[in-house]
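Visitor:
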Amino acid sequence: MGTAVTSPATPLPGELLDRHEGRWLIADHGSQVLAWEPLDGDRRQVLWYDSADPQELPGVIRGGVPICAPWFGHGPDDDQDPQHGLARLSAFDREVLLDGPRFLLVRHTVGPEELGAPFRLVHTVEMTGGSMTLNLEATCTDTVPRRFEAVWHSYFRVGDAARATVTGVEGAAWHNHATGDAGTLASDSLPISPDTDTVLQGSREALSVVDPAWGRRIDVDTQGCPTAVVWNPRMRSGTRTDLTGRSWRGFVCLETGTAKENALMLEPGQDTSLHMRVSVSTL
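Counting along the sequence shown from 1, when you hit position 209 you're at 1246 in the working numbering, and nothing is skipped either side.
1. Output the distance between the C-alpha atoms of P1075 and V1162, rounded to the nearest integer angstrom.
2. May I ask you to list the residues that DSSP assigns as paired with F1129?
3. Whole-angstrom Cβ separation of W1211 and G1220, contact assumed at under 8 Å?
4. Please list the terminal residues of the continuous alpha helix (DSSP H) segment that includes P1149.
5. Name, in chain order, the residues that DSSP records as bridge partners for M1272.
6. Give a yes or no on whether 8 Å exceeds the smallest Cβ distance from G1137 to chain C.
7. Please state whether DSSP places T1319 in a helix, a strand or coil.
8. Between T1259 and the rest of its own chain, which residues show a CB-CB distance below 7 Å, the 5 nearest in sequence each way excluded?
9. With respect to the beta strand (DSSP E) encompassing G1220, which residues constitute its N-terminal and C-terminal limits?
10. Does R1056 pass the burial test, meaning 16 or more other C-beta atoms within 10 Å, or should it be called exposed?
11. Expressed to the nearest angstrom, what Euclidean distance is found between the alpha-carbon atoms of W1285 and G1067?
12. I'd like to confirm the pairing. Which residues does DSSP put opposite G1137 in its beta bridges?
13. Where do the ends of the beta strand (DSSP E) carrying G1294 lie?
14. Are R1273 and D1232 closer than 8 Å when you measure CB to CB?
15. Which residues bound the beta strand (DSSP E) around R1184?
16. So which of C1105, L1303, D1256 has the shortest CA-CA distance to S1316?
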């Protein structure tokens, strides 16, 4: 069934929980899912991650599903560092709750001391042969109210991002941070055009990445996630020279959570939870 391993071939911190010979992969560092694919039907990898070049920055794993918390970007007021919070830089404690040939249930926890912020996070990952489900619970451990943001920065693998779209977005308020444009989406389909860095507020609970190049649809069903971000590093002018920029055609980031205008104010002892289920269907 696999084991927890520390790979000498990559500079990743901490251990990786490996099942199905790397097709299901979870890092203790950041409680970051790096790989999941169905065991039946379309068995192509659902997440984009390059094990040969896995670190974007020291301690930051590139690809998969990073957790951005307790803030997203540089926070609601654009005044917090590091970018995308502390969770993805933190070592979580792992507990394997269930483990079988077609099922894996893992719970990761990190407290305020390890996180460096007054929150306790519990991240649960459930993988089956047909779906992957993530649940994030956060509790304010401070004696005063604290603002909290959390977003799963999912990198979904596609055959050609230039042909891909994100659906389920009609009626959402949008702001493209690459171009400065904003408005309300009249269409239910958002193309992945150059300079796509679009924050959606009031998005639906059911979103999809439609991938005609591979003839499949990645369905993302959420709860407690009024914010979505659609991002791809392709630019109209110039080309990013890092691995992420060079690989733009192979993934679409559909990020889901609660952030920016939907940042939460948690009272002392108050908790909140976010839920995301990922599955794949054919077009």
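Each residue gets a CB set at the ideal place from its N, CA and C atoms; glycine is no exception. Nothing here was measured: the structure is a model prediction, and the numbers come from that model.
Guide: Well, looking at it:
1. For the purposes of this step, residue 1075 is taken as the residue at position 38 of the sequence shown. For the purposes of this step, residue 1162 is taken as the residue at position 125 of the sequence shown. Near 15 Å, if we compare the C-alpha coordinates of V1162 and P1075.
2. Residue 1129 sits at position 92 when you count from the first residue of the sequence shown. When DSSP reads this structure, F1129 sits in no beta bridge, so it has no partner.
3. Here residue 1211 corresponds to residue number 174 of the sequence shown, with the count starting at 1. Here residue 1220 corresponds to residue number 183 of the sequence shown, with the count starting at 1. Sure, about 6 Å apart at Cβ, within 8 Å.
4. Within the sequence shown, the letter at position 112 stands for residue 1149. Under the DSSP assignment, P1149 falls in the alpha helix (DSSP H) whose first and last residues are 1149-1152.
5. To locate residue 1272, count along the sequence shown from 1; it is residue 235. The beta-bridge partner set that DSSP reports for M1272 is empty.
6. Although the question refers to chain C, the structure presented lacks it and comprises just one protein chain.
7. Against the sequence shown, residue 1319 aligns to sequence position 282. Three-state DSSP puts T1319 in a strand.
8. Here the question's residue 1259 lines up with position 222 in the sequence shown. For T1259, where only same-chain residues beyond five positions count, the Cβ hits under 7 Å are E1242, T1293, H1312, M1313.
9. On the sequence shown, residue 1220 is found 183 positions in, with the first residue counted as 1. 1219-1221 is the span of the beta strand (DSSP E), which, as asked, contains G1220.
10. Locating residue 1056 in the sequence shown gives position 19, counting from the first residue. So R1056 counts as buried.
11. Taking the sequence shown and counting its residues from 1, one reaches residue 1285 at position 248. Taking the sequence shown and counting its residues from 1, one reaches residue 1067 at position 30. If you take the alpha carbons of W1285 and G1067, they lie about 23 Å apart.
12. Locating residue 1137 in the sequence shown gives position 100, where the first residue counts as 1. DSSP output for G1137 lists F1140 as bridge partner(s).
13. Reading the sequence shown from its first residue, position 257 is the one you call residue 1294. From DSSP, the beta strand (DSSP E) with G1294 extends over 1288-1295.
14. Against the sequence shown, residue 1273 aligns to sequence position 236. Against the sequence shown, residue 1232 aligns to sequence position 195. Their beta carbons are under 8 Å apart, which means R1273 touches D1232 by this criterion.
15. Counted from its first residue, the sequence shown places residue 1184 at position 147. Element bounds for R1184: 1183-1185.
16. Translated into the one-based positions of the sequence shown, residue 1316 becomes position 279. Here the closest residue by C-alpha is D1256.
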